[in-house]
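Written below as structure tokens is the structure these notes are about.
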Amino acid sequence: FGGATVITNLLSAVPYVGDILVQWIWGGFSVDNATLTRFFAFHFLLPFIVAAMMILHLLFLHETGSNNPMGLNSNVDKIPFHPCFSYKDLLAFAVLLFTLTSLALFLPNLLGDPDNFTPENPLVTSP
1 FGGATVITNL LSAVPYVGDI LVQWIWGGFS VDNATLTRFF AFHFLLPFIV
51 AAMMILHLLF LHETGSNNPM GLNSNVDKIP FHPCFSYKDL LAFAVLLFTL
101 TSLALFLPNL LGDPDNFTPE NPLVTSP
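Residue numbers for the sequence shown follow the UniProt record's numbering, beginning at 1 and rising by one.
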């Protein structure tokens, strides 16, 4: 609640409409469960929206080509996106996936939090 309150209160610095904007984002006069649910939904949907925009951008760039202000034919030195770049990206993704899978399977403690290895003391609660 505290983080959402601080970050959304930054919008109150907008002249004239800042306070109204903050209350509209909160859905009331303070951060509540509805606000956090709204933020969670936004954070869940945002990567899919960005991925769709990237795919559309690549599709339009592939179909029409980039802007050429000189007016000269620039098709001479073009490399096709597929298979050159798509195979390169697929290989990089496979190497990354293999590396992360190997780390998770063979060295799982390397990716963990060091506090997990602190001995348990039932007389002291964690902060």
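Glycine residues also receive a C-beta, built at the ideal position from the N, C-alpha and C atoms.
**OP:** Pick helix, strand or coil for Y16, following the three-state DSSP scheme.
**Re:** Against the sequence shown, residue 16 aligns to sequence position 16. Three-state result, Y16: coil.
**OP:** Please state if the CB of H62 and the CB of F81 are separated by a distance shorter than 7 Å.
**Re:** For this step, residue 81 is matched to residue 81 along the sequence shown. For this step, residue 62 is matched to residue 62 along the sequence shown. Cβ distance < 7 Å, so F81 and H62 count as in contact.
Original post:
Is DSSP giving K78 helix, strand or coil here?
Top reply: In the sequence shown, counting from the first residue as 1, residue 78 sits at position 78. Of the three classes helix, strand and coil, the one that applies to K78 here is coil, per DSSP.
**OP:** Compute the distance between the beta-carbons of T35 and V22, then report whether it is under 7 Å.
**Re:** Stepping through the sequence shown from its first residue, residue 35 is reached at position 35. Stepping through the sequence shown from its first residue, residue 22 is reached at position 22. Contact flag unset, no.
Subject >> CB of D19 within 7 Å of CB of S12, strictly >> reply: The residue you call residue 19 lines up with position 19 of the sequence shown. The residue you call residue 12 lines up with position 12 of the sequence shown. Yes; because the gap between Cβ atoms is below 7 Å, this pair is in contact.
Original post:
Curious, which full-length alpha helix (DSSP H) runs of at least 4 residues does the segment 37-114 contain?
Top reply: Complete alpha helix (DSSP H) runs here, min 4: 86-106.
Original post:
Got a sec? Which residues, its chain only, sit under 7 Å from P119 by beta carbon, not counting five neighbours each side?
Top reply: As a position in the sequence shown, residue 119 is number 119, starting the count at 1. Excluding residues within five positions, none has a Cβ falling inside 7 Å.
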